[in-house]
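Enquirer: I am attaching a structure below and will ask some questions about it afterwards.
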Amino acid sequence: MNLHDLSTHARAGHVEALNLISLEGGNYYLLEARVSGQPFTLDDGHGQLLHLRSLEHAREVLQPLPQLPPFHLVQAAVHDEMCGLPEEPGIPAEGGAKH
């Protein structure tokens with residue numbers, strides 16, 4: 576699905592949600608549209624996946640959409656998205672003190 580297709584589906588009210596998926600520790604993102612319960616990863620119109628640099632870049636790309644459906648940031652580990660670094664061994668995921 577390319578941006579033109581996404582816009583067409585959005586105008587028709589078929590896009591249920593958009594997921595911005597963080598890959599490679601937050602170095603780039605892919606955009607997935609959920610249309611009629613099916614996931615579609617956006618491409619650049621030439622068959623290549625559309626790689627986005629940041630959340631702000633995704634907002635710029637999506638700005639022409641007539642109505643933005645629910646938009647979610649999806650990452651493998653919250654710590655990666657918060658700090659950009661993998662979680663260190665021995666540090667509890669909740670961020671509490673180590674006993």
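Okay, so the sequence shown: first residue is 576 according to this note's numbering, each after it adds one. Backbone N, C-alpha and C fix where the C-beta goes; we use that ideal spot for every residue, glycine too.
1. Which of the three DSSP states, helix, strand or coil, is assigned to L578?
2. Give the single residue among R634, A587, P641 and G588 whose Cα lies nearest to the Cα of L538.
3. Would you identify the three-state DSSP class for R628, choosing helix, strand or coil?
4. Identify, in the order they occur along the chain, each residue of the same chain with its Cβ nearer than 8 angstroms to the Cβ of S611, setting aside the five sequence neighbours on each side.
5. Return the chain-ordered list of same chain residues with a C-beta closer than 7 angstroms to the C-beta of D580, the five sequence neighbours on each side being excluded.
6. Give the range of the beta strand (DSSP E) segment to which E591 is assigned.
7. Between the Cα of E599 and those of L578, F646 and L627, spot the shortest distance and give me the residue it belongs to.
8. What number of angstroms, rounded off, separates the C-alpha of Q638 from the C-alpha of H647?
9. Look at the alpha carbon of A587 and the alpha carbon of H621, and state the distance between them as a whole number of angstroms.
Expert: The structure says:
1. Counting from one through the sequence shown, the residue named residue 578 turns up at place 3. The three-state secondary structure of L578, taken from DSSP, is helix.
2. The structure shown has nothing for residue 538, since the chain only spans 576 to 674.
3. Looking up residue 628 in the sequence shown gives position 53. DSSP places R628 outside both helix and strand once states are collapsed to three, so it counts as coil.
4. Locating residue 611 in the sequence shown gives position 36, where the first residue counts as 1. Excluding sequence neighbours, S611 sits near H589 and E591.
5. Indexing the sequence shown from 1 puts residue 580 at position 5. Excluding the 5 residues flanking it on each side, D580 has no same chain C-beta neighbour closer than 7 angstroms.
6. Sequence index remark: in the sequence shown, residue 591 carries index 16 (1-based). It spans V590 to L598 - the beta strand (DSSP E) in which E591 sits, taken as one unbroken run.
7. The residue you call residue 599 lines up with position 24 of the sequence shown. Here the closest residue by C-alpha is L627.
8. Locating residue 638 in the sequence shown gives position 63, counting from the first residue. Locating residue 647 in the sequence shown gives position 72, counting from the first residue. Each residue's alpha carbon lies about 15 angstroms from the other.
9. Here residue 587 corresponds to residue number 12 of the sequence shown, with the count starting at 1. Here residue 621 corresponds to residue number 46 of the sequence shown, with the count starting at 1. Taking the straight line from one Cα to the other gives about 24 angstroms.
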